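Q: Just so you know, we're using our numbering here: the sequence shown kicks off at 18 and counts up by one.
Heads up, the beta-carbon is just placed ideally off N, CA and C, and yes, glycines get one too.
It should be emphasised that the depicted structure is a prediction, and the values quoted were computed from it without experimental measurement.
Below: one structure in structure tokens.
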Amino acid sequence: MIFSAFVENPFLQTALWASLLAALASGVVGSFVVVKRIAFIAGSIAHSVLGGMGFCLWLQRTYGILWLDPMIGAFAGSILSALLIGWIHLNYRQREDAVIAAVWSTGMAIGVIFLSLTPGTNVELMNFLFGNILWVTTRDLILLASLDVFLILATLLYYRKFLALCFDEEQALLQGVAVKRLYLFLLSLTAVSVVLLIQIIGTILVIALLTIPATLASLFTHRLHIMMGTAIALAALLSLLGLSAAYTLNWPPGATIALLAALAYLTALAIKKRFFKKRVALPINIED
């Protein structure tokens, strides 16, 4: 029944392709942010775009600047927030989690203020933030595929440097890595990925796919390339199972996939505690 639904239903087919392409992007970016211990950056950027979108909507409707699309504000807000997080961390040596939390709340506050000043309803904002993987278009699939290609090329080109950066910034600096530029580049990659993914599959699913599969994979492997491949496979599997469950139960697909991912993570924790008690966790291997 489920198989025939995927074969016959064009909405499910595009949703499946979108989830598989999103799984690839999420597995790559998610592995880096989990190893770097900045997993909350996905949520921070996802909510910081409110500031940029709210500002653009306010200008558009108040002053008639019609060319100023909210997506421009979303990209600007995400990249600015990512660069701000990196700049504060690098120059003031503040803990990344604290900076991420501050940027998260600030971006949301700015967005709420501008939206309260904006006349009319904000349907565009709701569609952007919550999305629906069943509404994916061919253009969205092309965008996702382009993002995947770019992420793969960037990873292949800078893999060793990214690994050194995520493992130990000071050691990477001693190895001659341009830590500041590379770190800001990684944050910018994350920001662009988050915005494109949110536009297509929604905030809830983006945060879930960027963090849970990579975190789950890190429970059982300490090599980054294996973690990355495992995270991609897990994200794809969870998306397929989640879409099937959502179709059967008539639930929202994004929320169903996110819930299934959370249950998978809790199950993996229980399995590791039960069967891998004596194994001592090792750091990510710098010689990966």
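When the Cα atoms are used, what is the spatial distance from SER48 to LEU241?
A: Roughly 7 Å separates the two Cα atoms.
Q: List the endpoints of the continuous alpha helix (DSSP H) containing ASN108.
A: Per DSSP, ASN108 belongs to the alpha helix (DSSP H) from 87-109.
Q: In its own chain, which residues sit with a C-beta less than 6 Å from the C-beta of LEU308, not counting the 5 before and 5 after it?
A: The chain is shown only over 18 to 305; residue 308 falls outside these bounds and no answer can be derived.
Q: Which residue wins for smallest C-alpha separation from GLY271, given the options LEU260, ASN26, ARG110 and TRP34?
A: When each option's Cα is compared against that of GLY271, the closest is LEU260.
Q: Leaving out five residues before and five after LEU204 in sequence, what residues of the same chain have Cβ atoms less than 6 Å from its Cβ?
A: So the qualifying residues of the chain are ALA99 and GLY103.
Q: Which first and last residues belong to the alpha helix (DSSP H) in which THR154 is found?
A: Looking at the DSSP string, THR154 is not in any alpha helix (DSSP H), and its letter there is neither H nor E.
Q: For ALA162, which residues in the same chain have their Cβ closer than 7 Å to its Cβ, ignoring the five residues on either side in sequence?
A: Correct list, in chain order: LEU38.
Q: Ignore the nearest five residues each way along the sequence and tell me which others in THR247's own chain have a CB closer than 6 Å to its CB.
A: Closer than 6 Å at the Cβ level, and outside the excluded window around THR247, lie ALA234.
Q: Do you know offhand how far ALA279's Cα is from ILE58's?
A: Distance between the alpha carbons of ALA279 and ILE58: 18 Å.
Q: Use the C-beta contact count for LEU213: other C-beta atoms within 10 angstroms, 16 or more gives buried, fewer gives exposed.
A: Buried, since its Cβ has 16 or more Cβ neighbours within 10 Å.
Q: Leaving out five residues before and five after ILE303 in sequence, what residues of the same chain have Cβ atoms less than 8 Å from its Cβ?
A: Note on ILE303: pLDDT 49, under 50, position unreliable in the model; the coordinate value appears next. Once the five neighbours on either side are set aside, the close Cβ partners of ILE303 are LEU180, ALA181, PHE184, ASP185 and GLN188.
Q: Can you confirm whether the segment 113-133 touches the segment 53-69 when touching is taken to mean that 3 or more C-beta pairs between the two stretches lie within less than 8 Å?
A: With the cut-off at 8 Å, the segment 53-69 and the segment 113-133 touch.
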